[in-house]
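*Asks:* Protein chains in written order, with the working numbering: chain A, 38 to 370; chain B, 610 to 874. Glycine residues also receive a C-beta, built at the ideal position from the N, C-alpha and C atoms. Remember, it's a predicted structure, so these values are computed and weren't measured experimentally.
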Amino acid sequence: MAYENGVLVYGEAKDGRLLSITGELLNVGRQLADSLGQPLSAALIGEGTAELAQEAIALGADKVFVVDDAIFAEYLHDLHVPAAVNVAKEVDPYIILAGQTASGRDLAPHLAFHLDTGIAIDCTALEIDSSTNRMRATRPFSGGNFRQVIGVKTQPQMATIRSKAIDGAAPDTSRTGEVVNVNHGVDASQSRMKFIESKPIESEGVRLEDADVVVSGGRGIGGPEGFEGLEDLAAIFDGGAVGGSRAATDSGFTAPERMVGITGVIVAPNLYMAIGISGASQHLAGCGGAKTIVAINTDEEAQIFGSSSFGVVGDYKQVVPAFAEEVKKLLQG
Amino acid sequence: MRIVTCVKQMPDPESPASLYSIDDVNKKVVPSSNVPPDVSDYDRYGVEAALMLKDKDADVHISVVSLGIDHSLDVIKRPVAMGCDDLYLIQGEDLDDPDPSITSHGLVAAVNQIGDVDLITFGRQSGNRDQASVGPGVAVILGWPCVTNAVDLEDIGDGKLRVERLSEGGTEIVEVNLPAVLTFSSEMPHQPRYATMRGIMQAKRVEPTIWSASDLGLDVASLEKIEVLDVFFPTSTTEVEIIEGDSPAEAGRALAQRLREARVI
Chain A
38 MAYENGVLVY GEAKDGRLLS ITGELLNVGR QLADSLGQPL SAALIGEGTA ELAQEAIALG
98 ADKVFVVDDA IFAEYLHDLH VPAAVNVAKE VDPYIILAGQ TASGRDLAPH LAFHLDTGIA
158 IDCTALEIDS STNRMRATRP FSGGNFRQVI GVKTQPQMAT IRSKAIDGAA PDTSRTGEVV
218 NVNHGVDASQ SRMKFIESKP IESEGVRLED ADVVVSGGRG IGGPEGFEGL EDLAAIFDGG
278 AVGGSRAATD SGFTAPERMV GITGVIVAPN LYMAIGISGA SQHLAGCGGA KTIVAINTDE
338 EAQIFGSSSF GVVGDYKQVV PAFAEEVKKL LQG
Chain B
610 MRIVTCVKQM PDPESPASLY SIDDVNKKVV PSSNVPPDVS DYDRYGVEAA LMLKDKDADV
670 HISVVSLGID HSLDVIKRPV AMGCDDLYLI QGEDLDDPDP SITSHGLVAA VNQIGDVDLI
730 TFGRQSGNRD QASVGPGVAV ILGWPCVTNA VDLEDIGDGK LRVERLSEGG TEIVEVNLPA
790 VLTFSSEMPH QPRYATMRGI MQAKRVEPTI WSASDLGLDV ASLEKIEVLD VFFPTSTTEV
850 EIIEGDSPAE AGRALAQRLR EARVI
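1) Short of 8 Å Cβ to Cβ, which residues in the segment 716 to 738 of chain B face chain D?
2) Could you tell me the distance, in whole angstroms, from the CA atom of A278 of chain A to the CA atom of G259 of chain A?
3) Could you name the residues of chain A that V630 of chain B contacts, counting a contact when the two beta carbons are closer than 8 Å?
4) Would P646 of chain B and S681 of chain B be called neighbours here (beta carbons separated by less than 8 Å)?
5) Who are the neighbours of T191 of chain A on chain B, taking C-beta pairs under 8 Å?
6) List the residues that DSSP assigns as beta-bridge partners of L10 of chain A.
7) For a quick check, are the C-beta atoms of E84 of chain A and F232 of chain A less than 8 Å apart?
8) Quick one, which of B:P709, B:I699, B:D727 and B:L728 has its alpha-carbon nearest A719 of chain B's?
9) Can you give the Cα-Cα distance for M400 of chain A and P709 of chain B, rounded to whole angstroms?
10) Run down chain A in chain order and give the residues with a C-beta less than 7 Å from the C-beta of S776 of chain B.
11) Please compile the residues from chain B whose C-beta is within a distance smaller than 7 Å of the C-beta of S253 of chain A.
12) Any Cβ of chain B within less than 8 Å of the Cβ of S57 of chain A?
13) From this set, B:F842, B:G861, B:L662 and B:S649, which residue's C-alpha is nearest L628 of chain B's C-alpha?
14) Indicate the three-state DSSP secondary structure (helix, strand or coil) for E657 of chain B in the structure shown.
15) Please check the pair D115 of chain A and M296 of chain A, which I expect to be a contact at CB under 8 Å, by giving their CB distance rounded to whole angstroms.
16) Hey, could you find the ends of the beta strand (DSSP E) K769 of chain B is sitting in?
17) Going by DSSP, what residue range makes up the alpha helix (DSSP H) through H114 of chain A?
18) Using the rule of at least 16 other Cβ atoms within 10 Å of the residue's Cβ for burial, across every protein chain shown, is Q319 of chain A buried or exposed?
19) Check whether chain A comes within 8 Å of L838 of chain B, counting only Cβ atoms and requiring the distance to be less than that.
20) Going by beta-carbon coordinates alone, are E61 of chain A and I203 of chain A separated by less than 8 Å?
21) Once you ignore the five residues that flank N307 of chain A on each side, which residues in its own chain have a CB closer than 6 Å to its CB?
22) Using a Cβ-Cβ cut-off of less than 9 Å, give me the residues of the segment 92 to 126 of chain A that come near chain B, in sequence order.
23) Whose Cβ in chain A lies nearer than 7 Å to the Cβ of R802 of chain B?
24) Would you tell me roughly how many angstroms separate the C-alpha atoms of S253 of chain A and P798 of chain B, rounded to the nearest one?
25) Counting contacts by CB-CB distance shorter than 8 Å, is F183 of chain A in contact with chain B?
26) Spell out the partners DSSP gives N786 of chain B in its beta bridges.
27) Spell out whether any CB of chain A is found under 8 Å from the CB atom of C755 of chain B.
28) Does the Cβ of L134 of chain A have 16 or more other Cβ atoms within 10 Å, making it buried, or fewer, making it exposed?
29) Within its chain, find whatever has a CB closer than 7 Å to the CB of I852 of chain B; leave out the 5 residues flanking it on each side and keep chain order.
30) Excluding five sequence neighbours on each side, which residues of the same chain lie with their C-beta closer than 8 Å to the C-beta of D668 of chain B?
31) Measuring CB atoms only, is the segment 724 to 742 of chain B touching the segment 783 to 797 of chain B, in the sense that at least three cross pairs come out at less than 8 Å?
32) Run through the DSSP bridge pairs and tell me what D224 of chain A is partnered with.
33) Give every residue of the same chain whose Cβ lies closer than 6 Å to the Cβ of V829 of chain B, excluding the five residues on either side of it in the sequence, and list them in chain order.
34) Tell me the DSSP bridge mates of I203 of chain A?
35) Between T818 of chain B and chain A, is any beta-carbon pair separated by less than 8 Å?
36) Tell me whether the beta-carbon of V760 of chain B lies closer than 8 Å to the beta-carbon of R774 of chain B.
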């Protein structure tokens, strides 16, 4: 019976460390497993992941299934999906969770169809219905305009979680668990896809998703030259980075990888400044985790004000330089 | 090369949430009659990708396939007006924005009916469900490789495509063997093209092939894998504090001081 096999989460690692989504998955996975009174397992597929198994145990896993092979150094669909399917068949869990990340959003729906089961995508909360012992998965949809609770009718019940929607587990190094090495059974020579090269974005300073302060511009910025002023503002802050709405990136005002939103980067900085951004729900889904949102917009009816703590109604071309100058003064003083 | 590009008709995504109501019995959000139908935004990029291959090779044939309950021909013919060749609709009361499992099996049945398909393109996700599951589902059912979140493509011959796709922190280049499934994101080298006058005339003449689920041998109910238990509007708790000043610059300075006072900076 799969029920006894509890919850399996697909962790993610890069450059020899677990990514924050892994701690988030283990935290919510632990809660579900405890509600069911069943174990929590983690799958770690990658290169050098054997060394991270203890860390996953400290974050809440009872059992870690390790697939450690150089062929998994980069996420490649045609290798990772069959390896993930093989782990799922070995573990035979009741619930499977993955992250809604660059690789997880590719892996998870494929895995669901391979296992002939249903999946709730991009969830912000998961719980067990104590009367049925089934998972209730809450997710925003329609660009964040509405919420729905999904039940998966088939087993294993699957879900992906939005990054930064759930707190990461706090490590407890006294926890003990079991580590199982899994024979992944994947023959790389049979792959129908070949990885050629990666084109990382050369960016100076902090990564957008890690930034403490994000200064974002939208359609109202008017063009690429306007973004120079936003760069200057972001540079004043320690850990500042520049983002944009989809309207700004699709119009070429700023680089596509700077898009903050449901289909771009999800940020959760201390301060998020939305400048000339109307506040479409798909954008808000990408910055809703910010501690404080500040909006600057000429349109006092703009939706962004409804999600902001502070706002200025006015032309950013006049507001931002004075704001930047004053911030500089305050930070120096 | 024979390409199928899959498009979804959905309510206009620019319409505000206030034009929708909640149907608690059927667990759906229902747009008011003021919300016009549209082609799901990302699907236009899947159409554009197919047309980019056709630009380089006139022998490329592109079929548009859509599954749903009540297609508006004006809307669903837009990809044909952009340059696609023909149109197939899978329609029925039982296909009202269904579960991705049902949609995937329906599209696969249509692809099998069309026959000899080399490539299927999609948008990365629909604009009203955001599930990003139907492209992968079609690929798994057909046993084809799938590249998701593609942003550029090139036919390099020898039955292979070179595809650029979004990855963590940038993009990556992969080569994929045909037949394959690709889903497209909006970070493409250019925006989807507009319909041409000639395309619009051409689209008027195209008669869609229409199938029901049972025409395609689908048992819809047996394919459903997820259910909606509840649906609701998100509650907003934020109350905005508008910072004013005698001039925009004054307001900017006051904002900085207020953020300092609130210990935000």
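*Replies:* Taking the structure as given:
1) Absent from the structure: chain D. Protein chains present are A and B.
2) Start at 1 with the first residue of the first sequence, and residue 278 of chain A comes out as number 241. Start at 1 with the first residue of the first sequence, and residue 259 of chain A comes out as number 222. Cα to Cα, A278 of chain A sits roughly 19 Å from G259 of chain A.
3) Numbered from its first residue, the second sequence carries residue 630 of chain B at position 21. It is Ser, not Val, that sits at residue 630 of chain B in the sequence shown. Residues of chain A passing the Cβ test: none, with the nearest at roughly 11 Å.
4) Here residue 646 of chain B refers to the residue found at position 37 of the second sequence. Here residue 681 of chain B refers to the residue found at position 72 of the second sequence. Yes. Within cutoff.
5) On the first sequence, position 154 is the one that residue 191 of chain A refers to. Within 8 Å of the CB of T191 of chain A, the CB atoms of chain B belong to K834, in sequence order along the chain.
6) The structure shown has nothing for residue 10 of chain A, since chain A only spans 38 to 370.
7) The count along the first sequence starts at 1 and reaches residue 84 of chain A at position 47. The count along the first sequence starts at 1 and reaches residue 232 of chain A at position 195. Not closer than 8 Å, so no.
8) What you label residue 719 of chain B is simply residue 110 of the second sequence in a count that begins at 1. Ranking B:P709, B:I699, B:D727 and B:L728 by Cα distance to A719 of chain B puts B:I699 first.
9) Past the boundaries of the shown model lies residue 400 of chain A; chain A is included only from 38 to 370, so the question cannot be answered.
10) The count along the second sequence starts at 1 and reaches residue 776 of chain B at position 167. A139 and S235, listed in chain order.
11) As a working note, residue 253 of chain A is residue 216 in the first sequence. In chain order: nothing, as chain B lies at least about 16 Å away.
12) Looking up residue 57 of chain A in the first sequence gives position 20. At a cut-off of 8 Å between C-beta atoms, S57 of chain A does not count as an interface residue with respect to chain B.
13) Mapped onto the second sequence, residue 628 of chain B falls at position 19. The residue with the shortest Cα to Cα distance from L628 of chain B is B:F842.
14) Residue 657 of chain B sits at position 48 when you count from the first residue of the second sequence. Three-state DSSP puts E657 of chain B in a helix.
15) Within the first sequence, numbered from 1, the residue matching residue 115 of chain A stands at position 78. Within the first sequence, numbered from 1, the residue matching residue 296 of chain A stands at position 259. So it is not a contact: roughly 27 Å between Cβ atoms.
16) On the second sequence, position 160 is the one that residue 769 of chain B refers to. DSSP places K769 of chain B in the uninterrupted beta strand (DSSP E) bounded by K769 to S776.
17) Mapped onto the first sequence, residue 114 of chain A falls at position 77. H114 of chain A -> alpha helix (DSSP H) spans H114 to V128.
18) Here residue 319 of chain A refers to the residue found at position 282 of the first sequence. With 16 or more Cβ atoms within 10 Å of its Cβ, Q319 of chain A is classed as buried.
19) Indexing the second sequence from 1 puts residue 838 of chain B at position 229. It does; some Cβ of chain A falls within 8 Å.
20) Start at 1 with the first residue of the first sequence, and residue 61 of chain A comes out as number 24. Start at 1 with the first residue of the first sequence, and residue 203 of chain A comes out as number 166. Closer than 8 Å, so yes.
21) The residue given as residue 307 of chain A occupies position 270 in the first sequence. So the list reads D249 and K328, once near-sequence residues are dropped.
22) E111, Y112, L113, H114, D115 and V118
23) To locate residue 802 of chain B, count along the second sequence from 1; it is residue 193. Per Cβ cutoff of 7 Å: no residues; R802 of chain B is ~14 Å from chain A at best.
24) Along the first sequence, one-based indexing puts residue 253 of chain A at 216. Along the second sequence, one-based indexing puts residue 798 of chain B at 189. C-alpha separation (whole angstroms): 22 Å.
25) Locating residue 183 of chain A in the first sequence gives position 146, counting from the first residue. Cβ-Cβ to chain B under 8 Å: yes for F183 of chain A.
26) On the second sequence, residue 786 of chain B is found 177 positions in, with the first residue counted as 1. Answer is B:K769, bridged to N786 of chain B.
27) For this step, residue 755 of chain B is matched to residue 146 along the second sequence. Output row for C755 of chain B: interface = yes.
28) Numbered from its first residue, the first sequence carries residue 134 of chain A at position 97. With 16 or more Cβ atoms within 10 Å of its Cβ, L134 of chain A is classed as buried.
29) On the second sequence, residue 852 of chain B is found 243 positions in, with the first residue counted as 1. These residues qualify, in order along the chain: A860, A863, L864 and R867.
30) Locating residue 668 of chain B in the second sequence gives position 59, counting from the first residue. Taken in chain order, the residues that qualify are M610.
31) yes
32) Here residue 224 of chain A corresponds to residue number 187 of the first sequence, with the count starting at 1. Beta-bridge pairing links D224 of chain A to no other residue.
33) Sequence index remark: in the second sequence, residue 829 of chain B carries index 220 (1-based). Correct list, in chain order: D703, I711 and A822.
34) To locate residue 203 of chain A, count along the first sequence from 1; it is residue 166. None, per the DSSP bridge assignment.
35) Mapped onto the second sequence, residue 818 of chain B falls at position 209. No, T818 of chain B does not count as interfacial toward chain A.
36) Locating residue 760 of chain B in the second sequence gives position 151, counting from the first residue. Locating residue 774 of chain B in the second sequence gives position 165, counting from the first residue. Against a cut-off of 8 Å, the Cβ pair of R774 of chain B and V760 of chain B comes out as a contact.
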